[in-house]
Each structure stands twice: as C-alpha cells, then as structure tokens.
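Heads up, the thing below is written out as structure tokens.
Residue numbers (the working numbering), protein chains in the order written: chain A, 1 to 112; chain B, 113 to 225.
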C-alpha cells in the first residue's frame, strides 16, 4: 500500500525563522492534506490540495502539491511559539475513497 | 466544518476489561472513521464506520477486538475489547462528507494497567 515519508522528522528553529518540510509518497496522489496536532488534541486540518502544481496559503502557511504528484511541501513563515506541534501529511489510500494514510509527522519546536 | 466530540477524553482501565468510546458529530456526515495513535506515532486507520451496516476494517484490525457501531449519521462508538497494555493509545474519531477532508475529535487517551 501507499507509504508516506516526511522530512525532517524533527526540527528546532528560532522564533521568527521560516520553516520548510516535505512529504513524499511511493505512489501518485490526487489529494494532499496537511494537519497539525497540538499536545493533547486531535489533528487540525491546515491545508488541502487537489491539483498537481497547486499552491495554497492559509495565513503564514503555504503548501504546494508537487508536479510529480508524489510529493508536497509545507512552508511556515515567521514562526511563532504557537507553531510548535506535530505536522502530518496525508494522502488517499486509494484514489476514489475517503480512506487516508498519514505520514510519520514532523515535530516542530520553536525556541524563543 | 463539523465539530466532533469524543467521550471519554481519557480513561485508565484494568486489563481484560472493555471500554466503549463515543463520537458525536454536530451535523450529519457521510463518513466516520476510527484511528489509533500509539505513543509518539502517527495515525493508523482502524476502520470505517458504516451507517446501517458492518464497519470496514483495515488489515490488522478485527471486529471481535474493535466492535464499531454507527446507528445514524451523527454518532458512532468504538469498543476496545479485552484490553491489554498494548492497547494503550490515543483513539481518534474523524468525520467527513463526500469529497471533503476529514476533521478529527480530540481523541480518547486510554491507559491499560
């Protein structure tokens, strides 16, 4: 089945820095989702991507659907302490259903 | 997006017992799902909760261990049966309408002694 890899696994950055993380798939996807999970809470949807090459922003967050359809990138600009958390990418297990497979996550720490 | 509430938010249980987790959505949704998130890990889909029929389980998960109900379009339950310490995890409910992304509840943190 589909497998997702995320890099980096974890990162420590200074407040105010920009962040970039990516997600790669072993197969082609028609949808990419990015979620953030805060400690003690469920994942919250950040951005949904539906078209190869699509670039979508949500405040300081920008995500892109890779042209090859096997990868996606999430960028965070001017990081703040509340950006701390785990960022998961997700893609459909099959290309017609709603079952999604999640990546292992990127754990972000922001140092003041 | 739909608001998803799970109960209980956490529990500590004795091995060999069973616990039923409830998931309530504030609007009717087409799809509901149950995930497991083991400590420090990502989310793994347990099953799709189908309204009016048996749940669809993913490889490695069986109905006897994780019976699921979905009596209507806003509510589902997951039971973790005959629990052992290996079942200590966060159990998450999610919901989605057709062609829409899933949204999650805050999860149930389960510890088995």
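Ideal Cβ positions, reconstructed from N, Cα and C, are used throughout, including at glycine. Nothing here was measured: the structure is a model prediction, and the numbers come from that model.
{"query": "Length-filtered (3 minimum) beta strand (DSSP E) runs lying within the stretch 11-51 of chain A", "result": "19-25, 32-37, 44-49"}
{"query": "Closer than 8 Å to chain E by CB, residue 219(B)", "result": "Among the protein chains of the structure shown, namely A and B, there is no chain E."}
{"query": "Local conformation of residue 201(B) per DSSP, three classes", "result": "strand"}
{"query": "Beta-carbon neighbours of residue 45(A), restricted to chain B and to distances below 9 Å", "result": "113, 213, 214, 215, 216"}
{"query": "Residue 83(A), DSSP secondary structure in three states", "result": "helix"}
{"query": "Backbone CA spacing between residue 124(B) and residue 199(B) [nearest angstrom]", "result": "11 Å"}
{"query": "Reduced DSSP secondary structure (H/G/I, E/B, other) of residue 69(A)", "result": "coil"}
{"query": "For residue 60(A) and residue 47(A), believed in contact at Cβ under 8 Å, the rounded distance", "result": "Between residue 60(A) and residue 47(A) the Cβ distance is about 12 Å, and since that is not below 8 Å, they are no contact."}
{"query": "When 131(B), 180(B), 210(B), 143(B) are compared against residue 201(B), the one with the closest alpha-carbon", "result": "131(B)"}
{"query": "At least 3 beta-carbon pairs within less than 8 Å: the stretch 132-144 of chain B vs the stretch 208-217 of chain B", "result": "yes"}
{"query": "Inter-stretch contact at 8 Å, needing at least 3 Cβ pairs: the stretch 151-163 of chain B / the stretch 184-193 of chain B", "result": "yes"}
{"query": "6 Å CB neighbourhood of residue 104(A) in its chain, flanking five on each side removed", "result": "6"}
{"query": "Chain A within 8 Å of residue 94(B), Cβ atoms only", "result": "As shown, chain B starts at 113 and ends at 225. That puts residue 94(B) outside it, with no answer to give."}
{"query": "Residues in the stretch 136-170 of chain B having any Cβ partner in chain A nearer than 7 Å", "result": "143, 154, 155, 157, 160"}
{"query": "Per-residue contacts from residue 204(B) into chain A (C-beta, under 9 Å)", "result": "42, 43"}
{"query": "Proximity to residue 217(B) [Cα-Cα], best of 172(B), 184(B), 205(B), 178(B)", "result": "205(B)"}
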